[in-house]
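A quick write-up on the structure given underneath.
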Amino acid sequence: MQKKQASLRKKLLSWLMPLLLLLILIDSTLLFKLAIGKLEKEIDADLFSSAQNVSQFLINFGNAPKDIRLLENASHVFLKDEVDQILYSITDSQGLLLSGSQALQATTQVNNDAQHSNSKTVNKADHYYFNTNIGNEHFRVVSATFNITNLQGAQTVTIQIAGTQKWRGILSNTILIGIVVPQLLLALLSFFIIWYGIKKGLAPLDALQDAVSKRSEHDLSPIELPNIPQEVSLVANSVNQLMTKLQHLIAAQNRFVADAAHQLRTPLAGAQAQLELAEQAGEPSAIKALLPRAYLSLDKLLHTINQLLALARSQPEAAASVNMVLLDLNVLTKEIALEIAPAAIKKQIDLGFEPSLVPAIILGNVDRLNDLLNNLMDNAIRYTQAGGKVTVALDVSEKQVNLSVEDDGPGVSDAEKDKIFDRFHRVIDNYQIVNEQTGSGLGLAIVKEIASLHGASIRIADGNMESEATVTHATRRGLKVMISFKRLSNLKMA
Numbered sequence: 000m001q002k003k004q005a006s007l008r009k010k011l012l013s014w015l016m017p018l019l020l021l022l023i024l025i026d027s028t029l030l031f032k033l034a035i036g037k038l039e040k041e042i043d044a045d046l047f048s049s050a051q052n053v054s055q056f057l058i059n060f061g062n063a064p065k066d067i068r069l070l071e072n073a074s075h076v077f078l079k080d081e082v083d084q085i086l087y088s089i090t091d092s093q094g095l096l097l098s099g100s101q102a103l104q105a106t107t108q109v110n111n112d113a114q115h116s117n118s119k120t121v122n123k124a125d126h127y128y129f130n131t132n133i134g135n136e137h138f139r140v141v142s143a144t145f146n147i148t149n150l151q152g153a154q155t156v157t158i159q160i161a162g163t164q165k166w167r168g169i170l171s172n173t174i175l176i177g178i179v180v181p182q183l184l185l186a187l188l189s190f191f192i193i194w195y196g197i198k199k200g201l202a203p204l205d206a207l208q209d210a211v212s213k214r215s216e217h218d219l220s221p222i223e224l225p226n227i228p229q230e231v232s233l234v235a236n237s238v239n240q241l242m243t244k245l246q247h248l249i250a251a252q253n254r255f256v257a258d259a260a261h262q263l264r265t266p267l268a269g270a271q272a273q274l275e276l277a278e279q280a281g282e283p284s285a286i287k288a289l290l291p292r293a294y295l296s297l298d299k300l301l302h303t304i305n306q307l308l309a310l311a312r313s314q315p316e317a318a319a320s321v322n323m324v325l326l327d328l329n330v331l332t333k334e335i336a337l338e339i340a341p342a343a344i345k346k347q348i349d350l351g352f353e354p355s356l357v358p359a360i361i362l363g364n365v366d367r368l369n370d371l372l373n374n375l376m377d378n379a380i381r382y383t384q385a386g387g388k389v390t391v392a393l394d395v396s397e398k399q400v401n402l403s404v405e406d407d408g409p410g411v412s413d414a415e416k417d418k419i420f421d422r423f424h425r426v427i428d429n430y431q432i433v434n435e436q437t438g439s440g441l442g443l444a445i446v447k448e449i450a451s452l453h454g455a456s457i458r459i460a461d462g463n464m465e466s467e468a469t470v471t472h473a474t475r476r477g478l479k480v481m482i483s484f485k486r487l488s489n490l491k492m493a
């Protein structure tokens, strides 16, 4: 079952939204911490302000220093709250409780000993803050030292004001809601903005997809989309390049089919004509005289069909299915030379083979290389005059195995050398042998495709010459086809 393809829109959303939510979460956390920090400072400031106010309303109701207490009206004004419970204690310099809550005074005594090690204690120059539990309630406490003057003279007292955390909790929740709700709305709005931005950003891709899907199979003209971004333009250009390649490929295939039809039609028509003449001939001797020509036409037809099949097997599309093995090109070339030797002997052509001094090991496909060698030797023998010479040679260098097939036939003019590997191209000039000896025009095209399949380079030169630069039109004679394969040394063949 084909795996469902992922949507680019969904992928972009799945990448962007988590990052956006993470940023919003970090932003909300920082805002909340800053707000809570500010709130706690305000609460602490209120506690210290209450302690200062209390210090202003202490009275002495006796003659002893310990006879100090807070005015009752002041306690109602400064130490009452509708939400939180407020406690206070007043102690002298010896820690003796003068007024207020004994439970708070006891807790304060413990915190006086631990204030420097308590992580929740905040110290100031003349006061400090800490958290404590009294009963079942959690309190925030300020402990402040004041110098007061009464009838007995100057005296130092410590005032503690403690308040529960209920109001802080209410304000914290209010702050949290005030931060989270706008941030959630921002996230929702951002989602729609991102979704819209992705939609607009991918619109050129949709336009490209629409333009391609509306094309007919016969329309391979370039796609033109105005005002598209660079990234989409690269895709469109790649599609247009593919269209151009397809145009060339289809045009080449159409030419190939037309040429193949023409090449097949000629021997078929010849065979048909000879058979019709044989049918009309009454005498057996006349029929027998016509049959060789019919056989020759059928032989040309079979040769052309075999060449077409060999060419089809050597196309680049077949590369993935070709089985490559290690082989010695000396052995394979010798076998093909022995197979084709009867054709050379029949034409009185001297077919020679010069193997390399060391094994010519390459990576190749035996069947395709058979086709390559057959076509090279057949082409050389076919276009060499009777009594001529064809030499097949192998030479091994450090990195290459060089195969050459050289003949002393009519050769190829410089103008024809660029066309010699084209399909169905035949060289027709003053040196060309025609009539029965002409081939299908596919031999060297097959050789080129097979060489390309093996990653080999191919070139041609005039025969019987040391250097192409020394060849002149007047002295030109013969043809030499050279193919260079990559050499594989010190490897065991399969």
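Mind the numbering: the sequence shown is residues 0 to 493 in numbering that gives the first Met the number 0, read in order. Note that beta-carbon positions come from the ideal geometry of N, C-alpha and C, so glycine has one too.
Check: Residue nearest to Ala359 in terms of C-alpha spacing, selected from Val330, Leu22, Leu33; Outcome: Val330
Check: Rounded C-alpha distance that separates Thr28 from Lys79; Outcome: 33 Å
Check: Three-state secondary structure assigned by DSSP to Glu275; Outcome: helix
Check: Contact set for Val180: own chain, Cβ-Cβ below 6 Å, skip 5 residues either direction; Outcome: none
Check: Tyr294, buried or exposed, once every other Cβ within 10 Å from all chains shown has been counted against 16; Outcome: exposed
Check: Beta-carbon proximity of Gly408 to Gly477, cut-off 8 Å; Outcome: yes
Check: Alpha-carbon to alpha-carbon, Val234 and Asp209; Outcome: 14 Å
Check: Which listed residue (Lys198, Ile158, Leu183) has its alpha carbon closest to that of Leu22; Outcome: Leu183
Check: Selection from Glu282, Leu274, Ala268 that minimises the alpha carbon distance to Leu300; Outcome: Ala268
Check: Contacts around Ser142, its chain only, beta-carbon distance under 7 Å, and the 5 residues preceding and following it disregarded; Outcome: Thr107, His126, Tyr127, Thr157, Gln159
Check: Selection from Ser92, Gln164, Leu11, Leu95 that minimises the alpha carbon distance to Glu41; Outcome: Gln164
Check: 8 Å contact criterion, which Thr332 and Val411 should meet: CB distance rounded; Outcome: At roughly 23 Å, the Cβ-Cβ gap does not stay under 8 Å, so Thr332 and Val411 are not in contact.
Check: Terminal residues of the alpha helix (DSSP H) in which Ala10 lies; Outcome: A small correction: the amino acid at residue 10 is Lys; Ala does not occupy that position in the sequence shown. From DSSP, the alpha helix (DSSP H) with Lys10 extends over 7-55.
Check: 8 Å Cβ shell around Ala455 - same chain, five flanking residues per side excluded; Outcome: Ile482, Ser483, Phe484, Lys485
Check: Residues bridged to Val156 (per DSSP); Outcome: Asp91, Phe145
Check: Residue range of the alpha helix (DSSP H) that includes Thr173; Outcome: 165-212
Check: Alpha-carbon to alpha-carbon, Pro341 and Pro398; Outcome: The sequence shown places Lys at residue 398, rather than the Pro named in the question. Straight-line Cα distance between these residues: approximately 34 Å.
Check: Rounded distance between the beta-carbons of Ile457 and Lys416, thought under 8 Å; Outcome: So it is not a contact: roughly 12 Å between Cβ atoms.
Check: Cβ neighbour criterion (16 or more within 10 Å) applied to Glu338; Outcome: exposed
Check: Classification of Tyr195 by the beta-carbon crowding that lies within 10 angstroms, buried from 16 upward; Outcome: exposed
Check: DSSP beta-bridge partners of Ala161; Outcome: Leu86, Val140
Check: Through-space distance from Ile222 to Val211, alpha-carbon basis; Outcome: 8 Å
Check: Segment limits, alpha helix (DSSP H) that includes Ala343; Outcome: 328-345
Check: Euclidean distance between Cα positions of Met16 and Ile197; Outcome: 12 Å
Check: C-alpha gap between Ser171 and Ile35, whole angstroms; Outcome: 7 Å
Check: Exposure of Pro266, with buried meaning 16 or more beta-carbon neighbours within 10 Å; Outcome: buried
Check: Within 8 Å, strictly: CB atoms of Ala280 and Leu290; Outcome: no
Check: Proximity winner among Asn146, Leu19, Leu372, Asn239, relative to Leu188 (alpha-carbon distances); Outcome: Leu19
Check: Pairwise C-alpha distance: Leu248 and Leu441; Outcome: 18 Å
Check: Spatial distance of Lys213 from Ala257 (CA atoms); Outcome: 30 Å
Check: Asn253 burial status per 10 Å Cβ neighbour count (16 or more: buried); Outcome: exposed
Check: Buried versus exposed call for Lys479 [16 or more other C-beta atoms within 10 Å across all chains shown]; Outcome: buried
Check: For Ile419, the first and last residue of its enclosing alpha helix (DSSP H); Outcome: Taken as a continuous stretch (DSSP letters only), Ile419 belongs to no alpha helix (DSSP H), as it is neither H nor E.
Check: Range covered by the beta strand (DSSP E) that runs through Met481; Outcome: 478-485
Check: Bridge-paired residues (DSSP) for Lys388; Outcome: Asp349
Check: Pairwise C-alpha distance: Ser54 and Ser48; Outcome: 10 Å
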